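For reference, the structure discussed in these notes is given below.
Chains as they are written, first to last, in our numbering: chain L, 753 to 898; chain P, 30 to 576; chain Y, 20 to 246; chain V, 7 to 321.
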C-alpha cells in the first residue's frame, strides 16, 4: 500500500517525473496480442469439446493480462493499483460462481431424494418416507406404553 | 484542551476574526458552486434530512392505515404506493447517502488533517447526481406512482403499469453518486492523510467510511446493470427475466441482492463508525480493541458480499445455494458481535458523561443488539422458512437500519452539531427527544417481532382481525417516534438562532476535528497539522496534564 | 506554486511546457496528485468491470442452461467481422498507449497523430458493428420477444441475441464515450495543455480505453467463437 | 380474505399443526434463548459499566487498556461455535422440509392475482385446499402471472410460487382443523386478500370430500359457477364490477346486446356464453383482442351451466 502520510509538505518536488517505456516494448506487446488473436480464432475451427471454452478463456486471459500489465502500466505502477484491479475480478468471480451454485443445482435435492432416499432427505436420520411413517405411528404407539 | 504534540497548534485553531466556511463567501450561488467539502456536507445534510422527513411522512401514513384492518384512510393501491415510496426514499435517498454524504463529507478530511477530499469537483458532481436522481425518483409521485416495493422484483415490476422506469433510472443515477463518493473517500484516505496520521491513528469513524466505500465501489455497479436490464425487460421484452421467453425471475433476485445485501453494510458500517467515536469521546477512554473494530469493519464489508442469498431461502433458490449462503451468513454475524463486545469493553474503566450524543450511542447498543440477534433467527434456514416476508423481518431491519443507522446518525449529528454550526443546542430538549425516540421506537417495532413470529405477512394492506391490537400499539408508537423527531428538529433549528456559541472542543475529544475552530475555517487548518498520537490517547493526555 | 521543479537527469526534458499546471492546493506534491488521479481511475475501472460482470453472469447462467441453443445461435455471428474488429481494437490500444508515451515526452505532434489514429480505429470498429447489427436486424435475429429468425432448432436463441445485443451494445456505448473523451484530449493537446510535467488526463483516458479493449477481449471469444 | 384465524401455540409462535413444525420450533427455541442470553449479557454490561464508570469529576484518569487478546479470542470463538451449532440445527429442519417423501399425495397449486387453485390427482380443482390428516402432501406449485408465496403459519412452511417454474413444498398435517393459508410475496392490489382456507380432514372424510365436495357438485349452480369463475382464472381478465380489464366486464352482461369486432351484433344469452367458452375467438366483442384461451375439454357441461347461472346473477 502506498502510504503518503509520510510525505510532509514540500517533501517532494512540485514536479512529476513520468516513467517512460521504450517503443519496442509497445510493439512487442502489440505483436503478441495479434498472434494470440489469430490463434484463438484458429482454435475455434477445431473441436475440442468443452476444451474450446477453456482454451478461449485462457488465451483471452493471457491477452487481458498483457494489456493490463504493459499498456495500462500495471506492472510498473503502485502495487495497490494491481490489488484494486485483481479484487474487482475476484468479486466478479464470486458473483458468477455463487449465482451458479443456485442455477446449476435447482431441483437437485428432489432428484437425489429419488436416487438415494436415505442420504438427502434427513442426513441425520432415516428417509423421508420413514420419517413420515414414524410420525404416523406415534399417536398409535403412544397407548402401548400404558 | 492541552495537546502539546501538535506542531501547528496555535495556528491550526485560529481565531480568524469570525471568518469560517459558512460566511467565507456569500449567496446561494457560492454554495451551489462550492468545492468545499464542508459546504457540500451541509447541503447533503439538508437534502437527506428532507428525504428523511418525506420518508417518515409516508411511514406515519402507513401506520395510520394499519390502525384497523381493511380501509382506514387509503385504498390498497395507494397503500402499495406509499410503502414503496417509503422504502425507496428511505433506502436510496436517505440511509445510503446520509452518513457518508453529510457527516463523512464534512469530517473525513478534517479528521485526517487534509484541506479537502482528493477530488473536490467530483464531490460536488456527486451531490448534483444525488439531486438529479432524487428528482427522477420522486417524479414517480407526480406521474403514475410506483407500486413494486423497493425491491423491484420481476415479473411484477416488468408488468405493472406504474412509473418503474422513472424510479429505476433515478436509482441508477443515485448509484453513480454513491460510487463517486466512495471513490473519493478511498483516494482521500490513501493520499491525503496529514503527517503522523497513520492508518491505525485514524479515528474509527474513518475505518467505517473506508469499509463502506469499498462496498460502494464493488456492489453499486451491479445495481446499475440490474436496473438497466429491468428497464430493457419492461420496454423491449428481452427475456432475461421473463419466464415466458426463457428467462428466470429468480436470477433478478440474485442480481438485486448482490448489490442490496452489501448495501445493508453501506448503511450500517458508517453508523458503527460513529458509535465508536461517540463512546470513546464521551467516556474519555481509549477504544478497547481498536484493531479488532477496524478490521471487523473491513471483514464485514468483504464477507458481506458472500451472503446475499439469505434473502432467497424460499425464493426457489436451490437447497445447496441456500445452505452455503446460510453458513456464510453466520460467519458475518461474528465481526458485528465482536464490535458490540468491544464497545462494552470501552465503557469499562472510562469516565462516562451522559450528554445527548452518548445517550444516543447507548440507545444504539441496545437497539442494534436486538437487531443483530434477530438477524441470527433469519439466517437459520428452517426458522427463516417461517419468518421470511413476515413482520419479523420488518421489525428486524428497522432495528438494524433505524435503531442502528438512524440512531447513530442523529447521535453523530448531536455530537458534531457544535462543530458544524458553531452553536450549542439545548441539552434538556436533546435528552427529551432521545427518550421519546427510544420509547417510540421500541413501541413501534418490538410489537412487530411478535406479529411476525405469529404469522403476519409484510406488505399487507388488510390483515386478520387477531392482529389488530398489536397493529394499533405499533401505530401509537409511531406517533411517539414522530414527536421525538419534531422535538429534535425544533431543538437543532432553534440552536442556530438562539443557541450559545460553541467552544472549540465541547466534549474534550482528541481527534483532529476538535483542534480547529467551531465552525472550521475554509481549508480546515491554517497549517497542515502534525499529529504524533492516536485519536483516543485519553489516559496519556490526562497524565501529561497532571505532570 | 513557487518552487522551481527539479529535473532528474536522464529523463526526457523537452520544453517544460504546461504553464497552466499547478499542484492543486490540497495535495502536498505533484506525485501525490498524479497518484491520486490514477488511483481514482483504477477504482472507476473496477465499477466498469462489475457493471459488465452482470452481463457476463447472465451469459454464464443461460449458456449453461441452453447450451445447444447458444452454440446454434452463435454460428449466426460473423467470426470474420468480429475478428477484424478485435484486431482494430487492439491496434487502437497500441496507438492509445503510444499517445500517452508521446505526451509523457512532450511530443505534441506525435500525441496528436496517435490520438487521431485511435479515433479512426474506434470509428472503424463502430462501422463494422453497424454492418453486423444491420445483418442481424434483417434476419430477425433480435432479442427476446422480437426474435423471429428462421431455421432455428432450439427455442432460446432469443435469449442468446438478447445477451449479444446487451453486451455489444453496452460495450459500443463505451466505445462512443471513449471517442468523446479522446476527442476532448485531442483538443486539449492541440491547445498545448500537456507535457512531461502534466499528462494525467491523457493517461487516464488511456486507461479507460484499454479497459474497453479488455472487455472486448473476453466478449469476442465468448460470443463469436465458443457461443 | 379468509376469516380463518391463526391459532396460537405459545406467546411467540402459532400452534404446531404439521410434522415439520416441531423441528422448526426446536430451532426457534434454541436461537431464541441464545439471543436472550446475549441480549441480557450486553445490556447488563452496558448498564453496570455506565453506572460504575459514570463521570464524577472532570479530568479523571481513564483506563489505558486497549486490548486483551485472550478475552477477544474467547468472545470471538464462543459465538462462532454457537452460530455453527445453530446453522446445523437450521439446516436439519430445512432439509427435512425441502424434500417431500416419495409417497406423498401430489396436489398442483396454481397461483394467480389474487387467488389460489388446487388440483388433486383425480382432476378436481378447488379454491380452498382440503387435505387428509397424517398423510404427507406435496404441493407442486406454479404461478400464471407474478411471484406469489404460499405460507401456512401453523405448518411453518413457506415457498415462493414462480411463473414458468415448478417449486414444491410438503407437509403432513397432524390435526383435523381449519388453518389459514396466506400469500407472502408481494403481488399487487389484492396481495393481502390472497388467502385460502386449508381444511384438514380424517382420511375417509377427505376422500368423501374430494368426491362430492371437491368440485362443488352439491352447491347451487350459481355458487359453483362463482367459484369456477375464480378457479378457472376467468376473474383475471373479466371483472364483475364493470371495470375494463383484459376482456369485457361481466357486470350485467346477460341479456345485453354486444357490438362485435366484425360489425354485427349479438345478444348475450346462454348459447353465446357457451360458445364463447368453447370457441372464444369466434365472436369477439368490439374493442377487445382475441386473446381468450378455449375451455374445450376443461369444463364439463355442468360446469358451463354453473358459470352461466352465476353470470346471470352478476349485476
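All C-beta atoms, glycine included, are put in the ideal place defined by N, C-alpha and C.
Keep in mind it's a predicted model, so treat the numbers as computed, not measured.
- About 4 angstroms separates the beta carbons of residue 138(V) and residue 212(V), which is inside the 8 angstroms limit, making them a contact pair.
- For residue 287(P), the chain L residues whose Cβ falls inside 7 angstroms of its Cβ are 847, in order along the chain.
- Looking at 241(Y), 221(Y), 230(Y), 245(Y), the one whose alpha-carbon comes closest to that of residue 127(Y) is 221(Y).
- Using a CB distance cut-off of 8 angstroms, residue 128(Y) does not count as an interface residue toward chain L.
- Taken atom to atom, the span from the alpha-carbon of residue 45(Y) to that of residue 471(P) is near 46 angstroms.
- Restricting attention to alpha helix (DSSP H) runs no shorter than 4 residues, the region 19-104 of chain V encloses them at 27-58, 75-104, ordered along the chain.
- C-alpha of residue 263(V) to C-alpha of residue 242(V): approximately 23 angstroms in a straight line.
- For residue 172(V), no beta strand (DSSP E) encloses it, and the DSSP letter there is neither H nor E.
- Excluding five sequence positions before and after residue 287(V), the CB atoms of its chain that fall closer than 6 angstroms to its own CB belong to 296, given in chain order.
- Ranked by Cα distance from residue 142(Y), the options 189(Y), 96(Y), 201(Y) are led by 201(Y).
- Rounded to the nearest whole angstrom, the C-alpha separation of residue 194(P) and residue 405(P) is 35 angstroms.
- Comparing alpha carbon positions, the residue from 136(V), 32(V), 56(V) closest to residue 127(V) is 136(V).
- Counting the other Cβ atoms within 10 Å of the Cβ of residue 220(P) gives 16 or more, which makes it buried.
- Within the region 487-518 of chain P, the residues whose Cβ lies closer than 8 angstroms to some Cβ of chain V are 487, 488, 489, 490, 491, 492, 493, 494, 495, listed in chain order.
- Close to residue 804(L), with beta-carbon spacing below 8 angstroms, are these residues of chain Y in chain order: 244, 245.
- Residue-level contact by beta carbon fails for residue 259(P) and chain V, as no gap is shorter than 8 angstroms.
- For residue 233(Y), the nearest beta carbon of chain L is closer than 8 angstroms to its own beta carbon.
- Closest in C-alpha terms to residue 448(P), from the list 515(P), 463(P), 524(P), comes 524(P).
- For residue 829(L), no chain P residue has a C-beta closer than 7 angstroms to its own C-beta; the minimum C-beta separation is roughly 14 angstroms.
- Contact check for residue 211(P) against residue 241(P) passes: the beta carbons are separated by less than 8 angstroms.
- Residue pairing from DSSP places residue 112(V) in a beta bridge opposite 144(V).
- Note on the region 798-861 of chain L: whole alpha helix (DSSP H) runs with a minimum of 4 residues are 803-818, 831-855, in chain order.
- Listed along the chain, the chain Y residues whose CB falls inside 9 angstroms of the CB of residue 250(P) are 65, 66, 67, 68, 69, 70, 71, 72, 73.
- For residue 164(V), a Cβ of chain P is located within less than 8 angstroms of the residue's own Cβ.
- In the structure shown, the three-state DSSP call for residue 192(P) is coil.
- When DSSP states are grouped into helix, strand and coil, residue 116(P) belongs to the helix group.
- Burial is judged here by how many other beta carbons sit within 10 angstroms of a residue's own beta carbon; residue 196(Y) has fewer than 16 and is exposed.
- Cα atoms of residue 490(P) and residue 186(P): separation of roughly 19 angstroms, rounded to the nearest angstrom.
- Of the other Cβ atoms in all chains shown, fewer than 16 fall within 10 Å of the Cβ of residue 86(Y); this residue is therefore exposed.
- In the structure shown, the three-state DSSP call for residue 154(V) is strand.
- Following the DSSP letters along the chain, one finds residue 178(Y) inside the alpha helix (DSSP H) bounded by residues 176-210.
- By the rule that beta-carbons nearer than 8 angstroms mark a contact, residue 821(L) does not touch chain Y.
- An exposed status is given to residue 90(V), since fewer than 16 other beta-carbon atoms sit within 10 Å of its beta-carbon.
- For the pair residue 162(P) and residue 119(P), the CB atoms are not nearer than the 8 angstroms cut-off.
- In terms of beta-carbon proximity, residue 353(P) lines the interface with chain L, with at least one pair separated by less than 8 angstroms.
- Within the region 247-279 of chain V, no residue has a Cβ lying closer than 7 angstroms to any Cβ of chain P.
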